[in-house]
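**Q** Below: one structure in structure tokens.
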Amino acid sequence: MFRSQPAKAADTYYQVASIHKTTPTSWRGNWYSYVNGRFCLTQINKYSVTQKYKGKKHTLYKSSWKGYRKLAVGKIVGTNRYTFNAYAKKAYQSDHGWGIAHRKVEGQKITVLRDYSGGGSYVDLFRSPVYRSYGSN
Numbered sequence: 005m006f007r008s009q010p011a012k013a014a015d016t017y018y019q020v021a022s023i024h025k026t027t028p029t030s031w032r033g034n035w036y037s038y039v040n041g042r043f044c045l046t047q048i049n050k051y052s053v054t055q056k057y058k059g060k061k062h063t064l065y066k067s068s069w070k071g072y073r074k075l076a077v078g079k080i081v082g083t084n085r086y087t088f089n090a091y092a093k094k095a096y097q098s099d100h101g102w103g104i105a106h107r108k109v110e111g112q113k114i115t116v117l118r119d120y121s122g123g124g125s126y127v128d129l130f131r132s133p134v135y136r137s138y139g140s141n
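This is the structure we're talking about:
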């Protein structure tokens, strides 16, 4: 189960009910997307989130770090989205939220991890490699 600590709404960019030090168990593992003609692999571990794109690995959030890149998972109040960096204080520091969604691909209902970005757009990440981009601009 999650270990949580209270977060004050004024302390963070998004209002979150509580902050957890680990990622949700069901989100852990490899997630694939196809961005600008290339695969992007997002790896969610218990204490970190990393991405591999164009042959380079970038750690996005890690529980041992400080500041807004510290892994701090929180449910964004009033939405079905979660943030990996609940300590972000400014919009440019925020990940804009992530959430589990369902979409139909070739007539089959598939569970995806949706990575939201500014302006209501998003990219869907899949459990197995995909060969085209799925998202909304």
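According to my numbering, the sequence shown holds residues 5 to 141 in order. C-beta: ideal position from N, C-alpha, C; glycine also.
Give me the Cβ distance between Tyr51 and Ser67, rounded to the nearest whole Å; I'm assuming they're in contact under 8 Å.
**A** Taking the sequence shown and counting its residues from 1, one reaches residue 51 at position 47. Taking the sequence shown and counting its residues from 1, one reaches residue 67 at position 63. Yes, Tyr51 and Ser67 are in contact; Cβ-Cβ is about 4 Å, under 8 Å.
**Q** Within 10 angstroms of the Cβ of Val77, are there 16 or more other Cβ atoms? Answer buried if so, exposed if not.
**A** Position 73 of the sequence shown, counted from the first residue, corresponds to residue 77. It is buried - the Cβ of Val77 has at least 16 other Cβ atoms within 10 Å.
**Q** Does the distance from the CB of Gly123 to the CB of Tyr91 come in under 8 Å?
**A** Here the question's residue 123 lines up with position 119 in the sequence shown. Here the question's residue 91 lines up with position 87 in the sequence shown. Against a cut-off of 8 Å, the Cβ pair of Tyr91 and Gly123 comes out as no contact.
**Q** Given that a residue counts as buried once 16 or more other Cβ atoms are within 10 Å of its Cβ, and exposed if not, what is Tyr40?
**A** For this step, residue 40 is matched to residue 36 along the sequence shown. With the sequence shown as reference, residue 40 is identified as Asn, and Tyr is not the correct amino acid for it. It is exposed - the Cβ of Asn40 has fewer than 16 other Cβ atoms within 10 Å.
**Q** Give the DSSP bridge partners of Thr115, in chain order.
**A** Position 111 of the sequence shown holds residue 115. The partner list for Thr115 (beta bridge, DSSP) reads His106.
**Q** Buried or exposed for Asn89, going by 16 or more other Cβ atoms inside 10 Å?
**A** The residue labelled residue 89 in the question sits at position 85 within the sequence shown. So Asn89 counts as buried.
**Q** Taking the alpha carbon of Lys74 as the reference point, which residue from His24, Asn34, Gln55 has its own alpha carbon closest?
**A** Here residue 74 is taken as the residue at index 70 of the sequence shown, counted from 1. Looking at the Cα atoms, His24 is the closest of the given residues.
**Q** Please report the distance separating the alpha-carbon of Ala95 from that of Ser30.
**A** In the sequence shown, residue 95 corresponds to position 91, counting from 1. In the sequence shown, residue 30 corresponds to position 26, counting from 1. Approximately 27 Å between the Cα atoms of the pair.
**Q** For Ala21 and Lys56, what's the separation of their Cα atoms in angstroms?
**A** Residue 21 sits at position 17 when you count from the first residue of the sequence shown. Residue 56 sits at position 52 when you count from the first residue of the sequence shown. Roughly 31 Å between the two C-alpha positions.
**Q** Would you kindly work out how many angstroms separate the C-alpha atoms of Thr26 and Gly33, rounded to a whole number?
**A** Against the sequence shown, residue 26 aligns to sequence position 22. Against the sequence shown, residue 33 aligns to sequence position 29. Rounded to whole angstroms, Thr26 to Gly33 spans 13 Å at the Cα level.
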